[in-house]
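Each residue of the sequence shown is one higher than the one before, starting from 31 at the first, in my numbering.
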Amino acid sequence: MLRALASSVINVLHRTLIGPRDITGIVIAVIMALKLKKAALKCRTIEDFVNLAYSLRSTRLSVRPLQIKEEFSVLLKLLVRVRPKLILEIGTAGGGTLFLLSRVASSDATLISIDLPNGPFGGGYPKWKIPLYKSFVWGQQKIILVEADSHNPDTLEDIEKSLSDRKLDFLFVDGDHTYDGVKRDFEMYGRLVRPSSIIAFHDIVPGPPENVGGVPEFWNEIKQNADSVEIVENWEQGGFGIGVVFV
Ligand SMILES: C[S@@+](CC[C@H](N)C(=O)[O-])C[C@H]1O[C@@H](n2cnc3c(N)ncnc32)[C@H](O)[C@@H]1O
């Protein structure tokens, strides 16, 4: 009886391409989601949410953003004034920035986050993290996770369908950091933002090429003709830094 049950479970797992590792992952992700939800209820300020994202961890999981804490906090304080309703993030990775963006978005916001499985500059995320990322919503929010290459025209078409003629209030570009990659993201998705909105780029500070790629070079070009600010703790920190363009 037990043997039959075990073999049918294994069959289902094979058919759904979910392995025992994924099952463990899903359990860890669900526990983390519950912990995060509970802890988030106690947060009052942006600093509280930021501290939570940077501190909460279990053995295999954390939602620590790949950002300098103080820099991302400044960006969040800019955004909370706008309470964006439509957000597109390119570069989900560990979900840290997605979590924090959901906290400053409006209660009925839609947040779309694109990541390329095994992509460069971070490597994407395993499927078992999806329940955790989906759990970031509060109020009537919706999170749409797009596992695809942002440069693929089909991805752009999918995003446009999700927006159905609405325009973005905030675009966060933190995906492919090569010069051509960041430029293409800006050209493809920058036209989806509405006037008086915000586009932000991560890793504008020169640093190790494997971390910042060609973002500093691209940023130096576009900031010339844009209404922009640079959120940088220290220009000698080697990478990080956020460039903000007011559209
Ligand atoms: C630096 S990480 C994002 C970090 C995240 N925003 C944070 O701070 O927690 C960059 C992510 O972009 C993804 N990526 C790289 N090239 C991409 C592409 N062409 N399309 C979509 N995602 C891409 C990588 O898979 C990686 O997970």
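Built from N, CA and C at the ideal position, the CB exists for glycine as well.
Which one of the options has the shortest CA to CA distance from residue i?
| i | options | result |
| --- | --- | --- |
| Arg201 | Val167, Ser165, Asn255 and Ser143 | One point to set straight first is that residue 201 is Leu, not Arg, in the sequence displayed. Comparing Cα positions, the closest option is Ser143. |
| Asn148 | Asp138, Asp179, Ser136 and Leu162 | Asp179 |
| Arg133 | Glu260, Phe151, Pro225 and Glu77 | Glu77 |
| Lys157 | Glu263, Asp52 and Phe79 | Asp52 |
| Leu108 | Asp199, Tyr209 and Asn241 | Asp199 |
| Arg224 | Phe231, Arg196 and Gly244 | Arg196 |
| Ile88 | Leu105, Pro246, Ile58 and Glu260 | Sequence inspection shows Ser at residue 88; the Ile mentioned does not correspond to that position. When each option's Cα is compared against that of Ser88, the closest is Ile58. |
| Gly121 | His207, Val259 and Val262 | His207 |
| Phe151 | Phe276, Thr54, His232 and Leu66 | His232 |
Does DSSP put residue i in a helix, a strand or coil?
| i | result |
| --- | --- |
| Glu263 | coil |
| Ala34 | Model confidence at Ala34 stands at a pLDDT of 48, short of 50, so the residue's coordinates are unreliable and nothing is read from them. |
| Val167 | coil |
| Arg74 | coil |
| Arg111 | helix |
| Phe79 | helix |
| Pro183 | helix |
| Tyr209 | helix |
Which partner residues of residue i appear in the DSSP bridge assignment?
| i | result |
| --- | --- |
| Leu201 | Leu118 and Ile229 |
| Ile144 | Ile120 and Val176 |
| Val275 | Ile229 and Ser258 |
| Val223 | Leu198 |
| Ser92 | Arg87 |
Taking buried to mean at least 16 other C-beta atoms within 10 Å of its own C-beta, is residue i buried or exposed?
| i | result |
| --- | --- |
| Gln254 | exposed |
| Trp249 | buried |
| Ile61 | exposed |
| Ser194 | exposed |
| Pro239 | exposed |
| Ser103 | buried |
Could you check whether the segment 166-177 touches the segment 120-134, counting it as contact only if at least three pairs of C-beta atoms, one from each stretch, sit closer than 8 Å? yes
For the pair the segment 183-191 and the segment 153-163, tell me if three or more CB-CB distances fall below 8 Å. no
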